[in-house]
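Residue numbers (numbering that gives the first Met the number 0), protein chains in the order written: chain Z, 0 to 271; chain D, 0 to 271. Note that beta-carbon positions come from the ideal geometry of N, C-alpha and C, so glycine has one too. Every value quoted in this text rests on a predicted model; they were computed, and no experiment measured them. Written out below as structure tokens is the structure these notes cover.
There are 2 protein chains.
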Amino acid sequence: MTDKPTVPSAGLRRDMEILELLAGHGDDRDADGFGVTWIAQRLGREKSQVSRALRALELEGMVERDPVTRRYRLGWRLFALAARTQHARLVQVAAPYLRGLTTTFDEDAYLCVLRGNLVLTLMSVPSSRIYHRVWEGISVPLLMAAAGRSLVADWDEQRVRDLLSATTLPSGLESAVGGTEEWLADLAHVRSCGYAVTDVELEDSTAGVSAPVRDHRGLITAAISVSVARTHPAARLHEIGAAVGETARQLSISLGLVPHGRPIMSPMRGSP
Amino acid sequence: MTDKPTVPSAGLRRDMEILELLAGHGDDRDADGFGVTWIAQRLGREKSQVSRALRALELEGMVERDPVTRRYRLGWRLFALAARTQHARLVQVAAPYLRGLTTTFDEDAYLCVLRGNLVLTLMSVPSSRIYHRVWEGISVPLLMAAAGRSLVADWDEQRVRDLLSATTLPSGLESAVGGTEEWLADLAHVRSCGYAVTDVELEDSTAGVSAPVRDHRGLITAAISVSVARTHPAARLHEIGAAVGETARQLSISLGLVPHGRPIMSPMRGSP
DNA sequence: AAAACTAGGTGCAACTAGCGCAACAGTAGT
DNA sequence: ACTACTGTTGCGCTAGTTGCACCTAGTTTT
């Protein structure tokens, strides 16, 4: 009926919706799982369908059910599979670098990658201060992420312009993100100095400093970002920025980048 | 036809087989992905079917395809979902404890959980020595895992006997695992002293030391294990064992265990 | 360069797996 | 007990998946 009759997606889509729902309640903290009925009406599907799907998913270990509350939550298999991802390797290598930054500055450090126009946080190393929100596995719009500027630093100008004009921002954040020219200047700064400073962030009153991580071909595959409390003077931001840039460079070398500072030649990116 | 006509499992099973195949080539290191045809004949399924399934999986982010080699590998979504698992929280909390052990003894430290009769390694902190194999996401039979004895320490005797008699061991490892009585004695040792020492392990010539991690209810939910080079004297094994036991106890407290010596288990634990 | 080979993708009719309804079975609250 | 739940199951019907054959695109052979 739709437009993809030949792709087996019906069952998978349902399963993914369920998994996303089990994972994604975002900021709620009642992680003790969800019942069949709740999921069903949240998804607008039949109870029976959800019940059977969950049973199948449980059989595969994608979800597991609390034996006493009979509620479902995400299962061990996801963990086992994720550990074999290339991202897992990246996290493994990056972990000591991030921890180094955190211990040096006592600020939260993050490792992020770009997925479409969203920034996915792979790993976070919280500072000693407060119990900070868990960011792993969370995606935020590119424009709103501290690591955003670093992740797109190598994009050609037109693509950046397209992104900025195409994205519609949530309420009253337009001014916070800054204009197109400002963005392009920031990207140039990343390419020349190796780090970016972002002034306005998502919700909390912190600035962000980030730097791109490159693979063996020199392509940006990830970014390190550090949130800095706004109470610091601007000079300190750049001090931290330099450190973050250097850390990202060393991480890149660990990932196979030849440590020769060469001009970034634009690798022709085909499809957006 | 079989016995589960009402559970939607056909598509899911196919997808899981694909994912497992993409994840699970075990010890190969060519992690540059796999092609459609290879997967299809490895699975004994139609090319077209696999092609379409992979496209659907890619659309959901469960797999991703290298744009140049056109090979598939596990995708970012798995990482995002796994980060929201309860296991992710466990790893987050346990990480500093494991790192503490590794830096103290310079031996590999692992965090494992029990899944059925398999021991799944959630996290490994390698020692500084050699590049050690990646164990995260790998399951090994309960009897062969260093953490095995700690994970089943609270099982009642009959259940342990059933397990030992039910399991068939691979070639010539029967003697290595040890007899039933020996196992039961080891479990008693875990309950009284808080750690287990395993002499014979999987492949490498290392002994293992492990200790159970308990949740807020006192139930064993995970285990820490440390592999110890056989060159150490036996006394050192117990020295490390005591440290691992203490670390596991502190981790348990971090997870909400009331740090009170419970009645039946270990009364002789001095206060720190 | 054409032929031969391979890997991956597509169109379509047949068929069966899974949907949805409704009835059923547990469990808790009153 | 009744009432109000949540979760599971039986079964006819339909829509989604299957498998074959064919097709496209890239790579090697002659």
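- Per DSSP, D:Ser224 lies in no alpha helix (DSSP H) segment; the continuous beta strand (DSSP E) that holds it begins and ends at 219-228.
- A direct Cα-to-Cα measurement between D:Ala242 and D:Pro258 gives close to 17 Å.
- Counting only Cβ-Cβ distances below 8 Å, Z:Gly136 has contacts in chain D at Phe78, Ala79, Leu80, Ala81, Ala82, Arg83, Ala87, in chain order.
- The secondary-structure analysis by DSSP pairs Z:Cys111 across a beta bridge with Z:Thr120, Z:Ala222.
- The alpha-carbon separation between D:Ser126 and Z:Glu45 amounts to approximately 51 Å.
- Beta bridge pairing from DSSP links Z:Ala210 with Z:Ile223.
- Of the residues assessed, Z:Gly207 falls on the buried side of the cut-off, its CB having 16 or more other CB atoms within 10 angstroms.
- Across the stretch 205-227 of chain Z, no CB contact with chain D closer than 7 Å is found for any residue.
- Against chain Z, a Cβ distance below 9 Å from D:Asp153 picks out nothing, because the smallest value is about 16 Å.
- Residue contact with chain D for Z:Val112: present (Cβ-Cβ distance below 8 Å to some residue of chain D).
- Nearest in C-alpha terms to D:Thr101, of all of D:Glu180, D:Glu63, D:Ile223, D:Arg114, is D:Ile223.
- Closest in alpha carbon position to Z:Gly34, among Z:Leu58, Z:Gly10, Z:Glu63, Z:Leu11, is Z:Glu63.
- Here Z:Val124 really is in contact with Z:Ala108; their C-beta atoms are around 5 Å apart, less than 8 Å.
- At a beta-carbon threshold of 9 Å, none of the residues of chain Z lie near D:Asp107; the nearest stands roughly 13 Å away.
- Here the alpha carbon of D:Leu53 sits roughly 19 Å from the alpha carbon of D:Ala79.
- Annotation: D:Val35 is outside any beta strand (DSSP E); the continuous alpha helix (DSSP H) that includes it extends over 35-42.
- Listed along chain D, the residues sitting closer than 7 Å to Z:Leu121 by beta-carbon distance are Phe78.
- For the pair of segments examined, the stretch 65-80 of chain D was found to touch the stretch 71-87 of chain Z: the number of CB pairs separated by less than 8 Å reaches three.
- Sixteen is the threshold: since fewer than 16 other Cβ atoms of the shown chains lie within 10 Å of the Cβ of Z:Ala184, the residue is exposed.
- For D:Arg213, the CB contacts under 7 Å within the same chain, skipping 5 residues up- and downstream, are Ile219, Thr220, Ser251, Leu256 in chain order.
- Across the structure, D:His231 and D:Arg190 are spaced so that their CA atoms are roughly 24 Å apart.
- Using a Cβ-Cβ cut-off of 7 Å, Z:Met15 is close to Glu59 of chain D, given in chain order.
- Here Z:Ala81 is buried: its Cβ has 16 or more other Cβ atoms, across all protein chains shown, within 10 Å.
- Not a single CB atom of chain Z sits nearer than 8 Å to the CB of D:Gly43.
- For D:Ser8, a Cβ of chain Z is located within less than 8 Å of the residue's own Cβ.
- Taking C-alpha positions only, Z:Ser138 is separated from D:Pro140 by approximately 36 Å.
- DSSP, read as helix, strand or coil, puts D:Leu18 in helix.
- Between Z:Val90 and Z:Leu110, the CB-CB gap stays under 8 Å.
- Assigned with DSSP and collapsed to three states, D:Thr197 falls in strand.
- Taking the CA atoms as reference points, Z:Leu186 sits about 7 Å from Z:Ala195.
- Distance from the CA of D:Leu163 to the CA of D:Arg114, rounded to the nearest whole angstrom, comes to 16 Å.
- Less than 8 Å divides the Cβ of Z:Ala55 from the Cβ of D:Ser8.
- Here the C-alpha atom of D:Asp105 lies approximately 8 Å from the C-alpha atom of D:Arg128.
- Distance from the CA of Z:Arg72 to the CA of D:Leu18, rounded to the nearest whole angstrom, comes to 20 Å.
- Across the set Z:Val49, Z:Gly32, Z:Gln157, the C-alpha of Z:Gln157 shows the shortest separation from the C-alpha of Z:Glu180.
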